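Asker:
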Amino acid sequence: MPWPDCLLQIDSSKIAAASSGWTSLTGLAPLFALLTSIANLLLATYVFDYTRRKNESDTKIKWFLELVYSPNKEAIWAFFNNLQTISARIPQDGQWTEDQRIDLMNFIKGEESTFRQEFVNILKTVAPQTYTTVDKAVDSLTTTLTETLDNDELKLENPKTYSRVIAGPILQTRGEIIKIIFEYRG
Amino acid sequence: MPNNTINLQDYRTPGSKVFTGRDRGEKVRKSSKIDFFAAENEPSTIVVPEDIRSINPSFLEEFLVNVVTRLGKVGFFAKFKFENNGRYKIDEDLNEAIDRILREENALA
Chain S
18 MPWPDCLLQI DSSKIAAASS GWTSLTGLAP LFALLTSIAN LLLATYVFDY TRRKNESDTK
78 IKWFLELVYS PNKEAIWAFF NNLQTISARI PQDGQWTEDQ RIDLMNFIKG EESTFRQEFV
138 NILKTVAPQT YTTVDKAVDS LTTTLTETLD NDELKLENPK TYSRVIAGPI LQTRGEIIKI
198 IFEYRG
Chain U
39 MPNNTINLQD YRTPGSKVFT GRDRGEKVRK SSKIDFFAAE NEPSTIVVPE DIRSINPSFL
99 EEFLVNVVTR LGKVGFFAKF KFENNGRYKI DEDLNEAIDR ILREENALA
């Protein structure tokens, strides 16, 4: 069956319009090529920079682990374990002498000083931001424990009280410091 | 009491027998005007109340940061004398604080 005439009629104006659109798109090709090149260049620069930063960060983390954390991690556990011995130094009858309180405060400050020498101070040059947060956490713990021991009203021989005002802050600070180290990203 | 004396009794928290924390150290440094003492030629005295149980290094660090930075350790001890007659002895905490200040200063230099 032959095609109807209306379907065979060619609309030359439409072809001209389509042809004109195609021609203008072809004319834009160099521009697209340029934009693609710029995008590729930006992407390559980003990937290069990202890789460089990642490598630097990985290297820092590696050295942090090898030079700071691994050789000195025992100092972290020793500090918190030694602080846990405070319970054995508390008079179980609640009868404190001034010397006992002063000695216990000195013990805490001594442990802090040792911890600083064996771990915290090493952070200062290698990881200054980590140092600042660890330093604050340690300082805050010493302050809390000193002020707690200065409070004559607290019955520290009571296990619940001890747990709340001494063991609790020690464990919390230990968790904070582990988190700070864990989050180190170079 | 002579003018070139700082009596820590005047800066105590009521009911407390300890001086702790950097914030507190900074407040006492400002209110006692200890930084001005360093500029004077006369020796100065810091009085530790007799019933004090502890003055933590972090407190001393902020309290003394400017005078120690200015005078150095030897100069500080030449300038400032401590009247410390109670059971608590400040020497160890004081040395710890001074060493921390000077270590910090060296790190920044």
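The listed protein sequences correspond, in order, to chains S and U.
Sequential numbering from 18 applies to the first sequence in the working numbering.
Sequential numbering from 39 applies to the second sequence in the working numbering.
Even for Gly, the Cβ is constructed at its ideal location relative to N, Cα and C.
In this text the structure is predicted, and so the values were computed from the model without any measurement.
For a contact meaning CB atoms closer than 8 Å, what does threonine 160/S contact in chain U?
Answerer: Taking the first sequence and counting its residues from 1, the one referred to as residue 160/S is at position 143. Identification of chain U residues near threonine 160/S by a Cβ-Cβ cut-off of 8 Å yields Thr58, Gly59, Asn94, Ser96, ordered along the chain.
Asker: Who are the Cβ neighbours of threonine 150/S in its own chain at under 6 Å, not counting the five residues just before and after it?
Answerer: For the purposes of this step, residue 150/S is taken as residue 133 along the first sequence, with counting starting at 1. Excluding positions up to five away in sequence, the list reads Ile197.
Asker: Considering only DSSP beta bridges, list what lysine 119/U is partnered with.
Answerer: Counted from its first residue, the second sequence places residue 119/U at position 81. Its beta-bridge partners are Thr83/U.
Asker: Note down, in chain order, every chain S residue with its Cβ under 9 Å from the Cβ of tyrosine 126/U.
Answerer: What you label residue 126/U is simply residue 88 of the second sequence in a count that begins at 1. Per Cβ cutoff of 9 Å: Glu115, Ile119, Met122, Asn123.
Asker: Which residues does DSSP list as the beta-bridge partners of asparagine 45/U?
Answerer: Taking the second sequence and counting its residues from 1, the one referred to as residue 45/U is at position 7. Note: asparagine 45/U sits in a beta bridge opposite Val85/U.
Asker: Here's the rule I'm using: 16 or more other beta-carbon atoms within 10 Å means buried, otherwise exposed. How should leucine 48/S be labelled?
Answerer: On the first sequence, residue 48/S is found 31 positions in, with the first residue counted as 1. The residue is exposed, with fewer than 16 neighbouring Cβ atoms inside 10 Å.
Asker: Cβ atoms of phenylalanine 81/S and alanine 144/S: under 8 Å apart, would you say?
Answerer: The residue given as residue 144/S occupies position 127 in the first sequence. The residue given as residue 81/S occupies position 64 in the first sequence. The answer is yes: Cβ separation under 8 Å.
Asker: Could you tell me which of Glu99/U, Arg141/U, Ile90/U, Ala135/U sits nearest to glutamate 164/S, measuring between CA atoms?
Answerer: Position 147 of the first sequence holds residue 164/S. For the residues Glu99/U, Arg141/U, Ile90/U, Ala135/U, the minimum Cα distance to glutamate 164/S belongs to Ile90/U.
Asker: Closest to tyrosine 126/U by CA distance: which of Thr43/U, Glu80/U, Val56/U is it?
Answerer: The residue given as residue 126/U occupies position 88 in the second sequence. For the residues Thr43/U, Glu80/U, Val56/U, the minimum Cα distance to tyrosine 126/U belongs to Val56/U.
Asker: Please report the straight-line C-alpha distance between glutamate 129/S and valine 112/U, rounded to a whole angstrom.
Answerer: The residue given as residue 129/S occupies position 112 in the first sequence. The residue given as residue 112/U occupies position 74 in the second sequence. One C-alpha to the other measures close to 25 Å.
Asker: For asparagine 123/U, I'd like the list of residues in its chain whose CB is within less than 6 Å of its CB, leaving aside the five on either flank, ordered along the chain.
Answerer: Along the second sequence, one-based indexing puts residue 123/U at 85. So the list reads Glu88, once near-sequence residues are dropped.
Asker: Hey, is lysine 55/U's beta-carbon within less than 8 Å of any beta-carbon in chain S?
Answerer: In the second sequence, residue 55/U corresponds to position 17, counting from 1. Closer than 8 Å: yes.
Asker: For serine 96/U, does the count of other Cβ atoms within 10 angstroms reach 16, so buried, or fall short, so exposed?
Answerer: In the second sequence, residue 96/U corresponds to position 58, counting from 1. Buried.
Asker: Can you tell me whether serine 87/S is buried or exposed, with buried defined as 16 or more other CB within 10 angstroms of its CB?
Answerer: Within the first sequence, numbered from 1, the residue matching residue 87/S stands at position 70. Exposed: under 16 other Cβ atoms inside 10 Å.
Asker: Starting from serine 54/S, find everything on chain U with Cβ-Cβ shorter than 9 Å and list it in chain order.
Answerer: Within the first sequence, the letter at position 37 stands for residue 54/S. Simply none; closest approach about 47 Å.
Asker: Using a Cβ-Cβ distance cut-off of 8 Å, determine whether glutamate 134/U contacts chain S.
Answerer: The residue you call residue 134/U lines up with position 96 of the second sequence. The C-beta of glutamate 134/U comes closer than 8 Å to at least one C-beta of chain S.
Asker: Count the CB pairs spanning the region 59-78 of chain U and the region 101-120 of chain S that are closer than 8 Å, and state whether there are at least three.
Answerer: no
Asker: Here's a check: name, in chain order, each residue in its chain whose Cβ is nearer than 7 Å to the Cβ of phenylalanine 136/S, leaving out the five neighbours to either side.
Answerer: In the first sequence, the residue the question calls residue 136/S occupies position 119. Counting only Cβ-Cβ distances below 7 Å, and skipping sequence neighbours, we find Asn89, Ala92, Ile93.
Asker: In chain U, what lies closer than 7 Å to threonine 163/S by C-beta?
Answerer: By 1-based counting over the first sequence, the position of residue 163/S is 146. Those within 7 Å of threonine 163/S in chain U are Val56, Thr58, Ser92, Asn94.
Asker: In whole angstroms, give me the CA-to-CA distance for glutamine 134/S and arginine 181/S.
Answerer: On the first sequence, position 117 is the one that residue 134/S refers to. On the first sequence, position 164 is the one that residue 181/S refers to. Each residue's Cα considered, the two are about 29 Å apart.
Asker: Put isoleucine 195/S into one of helix, strand or coil per three-state DSSP.
Answerer: By 1-based counting over the first sequence, the position of residue 195/S is 178. Looking at isoleucine 195/S - three-state DSSP - the assignment turns out to be helix.
Asker: Looking at the secondary structure, which residues open and close the alpha helix (DSSP H) in which asparagine 89/S lies?
Answerer: Walking along the first sequence from the start, residue 89/S turns up at place 72. First-last of the alpha helix (DSSP H) with asparagine 89/S: 87-101.
Asker: Quick one: give me the first and last residue of the alpha helix (DSSP H) that valine 155/S is part of.
Answerer: The residue labelled residue 155/S in the question sits at position 138 within the first sequence. Residues 145-167.
Asker: CB-CB under 8 Å to lysine 119/U, same chain, minus the five flanking residues each way: which ones, in chain order?
Answerer: Taking the second sequence and counting its residues from 1, the one referred to as residue 119/U is at position 81. Correct list, in chain order: Pro81, Ser82, Thr83, Ile84.
Asker: Assess, as a yes-or-no matter, whether the region 55-62 of chain S is touched by the region 164-179 of chain S under the definition of 3 or more beta carbon pairs within less than 8 Å.
Answerer: Contact between the region 164-179 of chain S and the region 55-62 of chain S is absent, because fewer than three Cβ pairs lie under 8 Å.
Asker: Between alanine 77/U and chain S, is there a C-beta pair that is closer than 8 Å?
Answerer: Start at 1 with the first residue of the second sequence, and residue 77/U comes out as number 39. Output row for alanine 77/U: interface = no.
Asker: Using three-state DSSP, classify arginine 92/U as helix, strand or coil.
Answerer: Stepping through the second sequence from its first residue, residue 92/U is reached at position 54. Checking the displayed sequence, the identity of residue 92/U turns out to be serine instead of arginine. Three-state result, serine 92/U: strand.
Asker: Near isoleucine 136/U, which residues of its chain fall below 6 Å by C-beta distance, leaving aside the five closest residues on each side in sequence?
Answerer: Mapped onto the second sequence, residue 136/U falls at position 98. Excluding sequence neighbours, isoleucine 136/U sits near Val106, Lys111.
Asker: Among the residues of its own chain, which have a CB less than 7 Å from the CB of valine 98/U, if the five just before and after it don't count?
Answerer: Position 60 of the second sequence, counting from 1, holds the residue named residue 98/U. Contrary to the premise, residue 98/U reads as leucine rather than valine in this sequence. The answer, listed in chain order, is Gly63, Asp131, Leu132, Ala135.
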